[in-house]
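This report concerns only the one structure given below.
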Amino acid sequence: MKEKILKFLPWFVLILLIVAVSLYFFLGKRVTEGERSLYDEKIKQAELNFNGREYSEAINQYYEASSLIPQEFTAYKGIVDILLLKNRADEALSIVRESTRAISSNERSVLYDLIGDYYYDLADFKKAKEMYQEGLGLGVENLEAEFALGKALINIDRIDEGLKQIEKNKYEGDITVEANLLLSYLYALTDTEKAKTQIGSIAPSGKWTSFYDEFDNLLNSLDDDKKYNAVKLSRVYLNGGYPFLSLNILKTVEMDIAQYLEGEYFMGISYQRVGQYDKAIEYFDKALSLGGMETEILWGKARASYLKNDLEGAINMYSRAVEYGGKDISENLVDEYLSLLLENNQNLKAADTIKSLTTNQEKPYIYLWGVKVNYMLGERAKVDYYIEQLGKLELSENQQKEYLYWRARLAVEDSDTTGASVLLDQLLAKDRYNPKYYLVQGMLKVKESDIEGAKSSFERGIEYDLSNVISQEASKLLSNLK
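Throughout, our numbering is defined as the position within the sequence shown, counted from one, plus 362.
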């Protein structure tokens with residue numbers, strides 16, 4: 363009997379240990395009613411703060427919630443969302459890697475997917491690919507990440523891998539429609555009949571309808587002229603955000619498009635978007651030699667020159683593009699050129715460009731640039747002139763907000779606190795989250811010797827400033843008060 367007891371004793375001890383460990387983990391993970399109630403309360407408050415753009419308070423609430431119930435997903439998603447909004451992707455990644463081990467692998471994969479999408483939107487496709495792969499490496503099924511990985515592979519010139527990645531999955535919901543369209547794009551590189559079959563296999567709805575109709579019509583318009591077919595496909599690929607697909611199709615007819623303006627131009631755009639700037643400039647020069655589309659070509663060459671750190675060449679190309687643009691010049695081109703000039707301390711050249719533009723056209727956005735640039739130059743009389751001209755024009759909603767911002771700022775500097783208050787009230791009525799409102803409000807509070815009020819205004823402006831429009835100036839003013 364004693365021998366039997368001794369024989370089974372180790373097994374009995376082992377069972378006790380297993381039970382004890384199981385109870386430890388069960389009890390350790392068990393959430394009390396009080397913890398659940400407090401967690402839900404903090405999540406609700408965090409969401410209210412988030413919707414009110416009180417991001418600092420929201421993230422603090424999410425952090426507190428995550429410490430209460432570490433195995434819950436909602437708090438971590440809130441933290442990651444805010445960090446990405448604030449362009450703090452490295453911190454978001456650190457949180458996902460180090461602090462989310464208590465949640466499920468599927469939920470962690472979703473967080474990696476969010477970070478991957480952040481990098482994808484920045485056109486950092488290699489980093490996006492790494493994030494998608496890291497999330498999928500957790501051994502989960504995440505169709506959104508699978509599809510996103512396929513797109514990222516295509517955008518780093520691993521087209522065959524991207525095709526296989528997209529083909530291997532059966533998608534559901536909205537992803538199905540986009541995946542089907544992309545497969546049609548990919549098949550059209552080598553087999554237009556297969557592409558037609560693919561595009562016709564789904565009846566899209568919503569935002570994808572126009573994309574389907576465009577590509578379906580294009581496929582049906584293709585004929586025996588490979589040169590024109592390639593250029594037509596190239597345009598769609600570029601508009602869809604797939605420059606490597608554009609390059610791939612254009613290279614099949616590279617010799618044939620030597621005297622074809624749009625073909626050379628699209629080749630230049632494709633090389634520029636994949637980061638091969640010398641090749642881009644080579645093809646832009648070929649396109650320029652053919653005559654026509656000068657504004658578009660010079661604009662593309664300006665971008666390529668700037669991206670290869672040739673500032674002088676870029677300014678020259680932008681200047682010529684603006685000249686060719688005439689009265690029909692693109693607002694985006696002007697904004698891009700003037701922004702580049704200011705970023706590189708070419709304020710006088712920016713002022714001259716604005717003066718030249720206003721000689722033959724009266725457009726509010728140009729006058730707003732005139733206010734900004736001449737304010738930076740300390741040319742108050744010219745600032746007042748442009749403000750006066752803006753008062754005579756019909757402004758869009760955003761232009762009205764910018765106009766009110768400048769008038770309020772100038773009123774504060776003129777010590778017209780009453781006028782500034784009225785203008786700020788008008789601006790607030792249009793946009794309560796406008797960071798420029800809080801910047802000028804802070805300046806007004808300083809004038810009124812309300813230091814605590816000024817601090818609060820500057821801090822709120824920084825909080826709302828996701829695009830870093832006023833944060834640097836507001837931070838400097840805030841530091842002067844502490």
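Cβ atoms here follow ideal geometry from the backbone N, Cα and C, with glycine treated the same way.
Owing to the predicted nature of the structure, the values given are computational and were not obtained by experimental measurement.
Next item on the list: Kindly indicate the opening and closing residues of the alpha helix (DSSP H) around GLU825.
Entry: From DSSP, the alpha helix (DSSP H) with GLU825 extends over 813-826.
Next item on the list: In angstroms with no decimal places, state the Cα-to-Cα distance between VAL891 and GLN762.
Entry: For residue 891 there is no data in the structure shown, the boundaries of the chain being 363 and 844.
Check: Excluding the five sequence neighbours on either side, which residues of its own chain have a C-beta within less than 6 Å of the C-beta of LEU652, listed in chain order?
Finding: Within the same chain, LEU652 has close Cβ partners LEU623.
Next item on the list: Can you tell me which of the three DSSP states TYR566 falls into?
Entry: Before going on, a small fix: residue 566 reads as Pro here, not Tyr. Coil.
Item checked: Distance between ILE611 and ARG597 (C-alpha atoms, nearest Å) -> Rounded to whole angstroms, the separation of the alpha carbons of ILE611 and ARG597 is 11 Å.
Notebook entry, point to check: Got a sec: is the Cβ-Cβ distance from VAL502 to anything in chain C below 8 Å?
Noted result: The chain labelled as chain C is not found in the depicted structure, where only one protein chain is given.
Note to self: Rounding to the nearest angstrom, what Cα-Cα distance links GLY753 and PRO726 in this structure?
What the structure shows: CA-CA distance, GLY753 to PRO726, rounds to 9 Å.
Checklist line | Secondary structure of TYR622, DSSP reduced to three states | finding: Annotated three-state conformation of TYR622 is coil, per DSSP.
Notebook entry, point to check: Under three-state DSSP, which class holds TYR386?
Noted result: Unreliable placement is indicated for TYR386, whose pLDDT of 41 sits below 50; no coordinate value is reported for it.
Item checked: Inter-residue spacing [alpha-carbon to alpha-carbon] between SER428 and LEU806 -> The straight-line gap from Cα to Cα measures roughly 39 Å.
Check: Could you check where the alpha helix (DSSP H) with LYS439 kicks off and where it finishes?
Finding: Judged by DSSP secondary structure, LYS439 falls within the alpha helix (DSSP H) whose first and last residues are 435-447.
Checklist line | Same chain, Cβ closer than 6 Å to LYS711, neighbours up to 5 away in sequence not counted | finding: Its chain contains LEU703 as the residues whose beta carbon lies nearer than 6 Å to that of LYS711, once the 5 sequence neighbours on both sides are disregarded; these appear in chain order.
Notebook entry, point to check: Is the number of C-beta pairs between the stretch 471-483 and the stretch 510-517 that are closer than 8 Å three or more?
Noted result: Here the stretch 471-483 makes contact with the stretch 510-517; the two share three or more CB pairs at distances below 8 Å.
Check: Are there three or more Cβ pairs, one per stretch, closer than 8 Å when the stretch 500-512 is compared with the stretch 535-549?
Finding: Contact between the stretch 500-512 and the stretch 535-549 is present, with at least three C-beta pairs closer than 8 Å.
Check: Hey, out of GLU395, GLN751, LEU700, LYS530, whose CA is closest to GLN723's CA?
Finding: For GLN723, the closest alpha carbon among the candidates GLU395, GLN751, LEU700, LYS530 is that of GLN751.
Item checked: Beta-carbon contacts of LEU719 that lie in its chain and below 6 Å, excluding the five residues immediately before and after -> Excluding the 5 residues flanking it on each side, LEU719 has same chain C-beta neighbours closer than 6 Å at ILE728, in chain order.
Next item on the list: Determine, using beta carbons only, whether LEU786 and LYS817 come nearer to each other than 8 Å.
Entry: No. Outside cutoff.
Next item on the list: For ARG463, name the three-state secondary structure that DSSP assigns.
Entry: Taken through DSSP and simplified to helix, strand or coil, ARG463 comes out as coil.
Margin query: If you reduce the DSSP assignment to three classes, tell me which class GLY524 lands in.
Written below: GLY524: helix per DSSP, three-state reduction.
Checklist line | Pairwise C-alpha distance: PHE820 and LYS489 | finding: LYS489 and PHE820 have their C-alpha atoms some 34 Å from each other.
Margin query: Please give me, in chain order, every unbroken run of the alpha helix (DSSP H) with length at least 4 that falls completely inside the stretch 550-606.
Written below: Within the stretch 550-606, the complete alpha helix (DSSP H) runs of at least 4 residues are 554-561, 570-583, 588-602.
Notebook entry, point to check: Quick one: what's got a C-beta closer than 6 Å to GLU656's C-beta in the same chain, skipping five residues either side?
Noted result: Result list for GLU656: TYR686, in chain order.
Check: Going by alpha carbons, who is nearest to SER466 out of GLY497, ALA451, LEU445?
Finding: That would be GLY497, whose Cα lies nearest to the Cα of SER466.
Next item on the list: State the DSSP-derived secondary structure class of LYS792, mapped to helix, strand or coil.
Entry: In the displayed model, LYS792 falls within a helix according to three-state DSSP.
Check: How would you write the range of the alpha helix (DSSP H) that LEU660 sits in, first residue to last?
Finding: Residues 656-669.
Next item on the list: Just confirm the distance between the C-beta atoms of ASN709 and MET738, as a whole number of angstroms; I'd bet it's less than 8 Å.
Entry: A Cβ-Cβ separation of about 6 Å places ASN709 in contact with MET738 under the 8 Å criterion.
Next item on the list: Could you check which residue in GLU759, GLY740, LEU757, VAL733 has the C-alpha nearest to that of TYR747?
Entry: Comparing alpha-carbon positions, the option among GLU759, GLY740, LEU757, VAL733 lying closest to TYR747 turns out to be VAL733.
Check: Based on Cα-Cα distance, which residue from TYR604, GLY688, LEU600, LYS588 lies nearest to ASP618?
Finding: Nearest option by C-alpha distance: LYS588.
Margin query: Taking the straight line between their C-alpha atoms, what separation do you get for ASP522 and TYR549?
Written below: Near 11 Å, if we compare the C-alpha coordinates of TYR549 and ASP522.
Item checked: Start and end residues, alpha helix (DSSP H) containing MET493 -> Secondary structure note for MET493: its alpha helix (DSSP H) is the uninterrupted segment 487-498.
Next item on the list: Answer with buried or exposed for VAL808, where buried requires no fewer than 16 other C-beta atoms within 10 angstroms of its C-beta.
Entry: Classification of VAL808: buried, given that the 10 Å Cβ count is 16 or more.
Note to self: Using a 10 Å radius around the Cβ and a threshold of 16 neighbouring Cβ atoms, would you call GLU658 buried or exposed?
What the structure shows: GLU658 should be labelled buried.
Checklist line | Delimiting residues of the alpha helix (DSSP H) encompassing GLY732 | finding: Segment 726-738, the alpha helix (DSSP H) holding GLY732.
Item checked: Same chain, Cβ closer than 6 Å to ASN445, neighbours up to 5 away in sequence not counted -> First, the residue type needs correcting, since residue 445 is Leu and not Asn in the sequence shown. Excluding sequence neighbours, LEU445 sits near GLU453, ALA454.
Margin query: Taking the straight line between their C-alpha atoms, what separation do you get for ARG769 and GLY602?
Written below: Rounded to whole angstroms, the separation of the alpha carbons of GLY602 and ARG769 is 41 Å.
Check: Considering only residues of the same chain and omitting the five flanking positions on each side of TYR764, which have a CB-CB separation below 6 Å?
Finding: Tyr is not the amino acid found at residue 764; the sequence shown has Glu there. Contacts found: LEU730.
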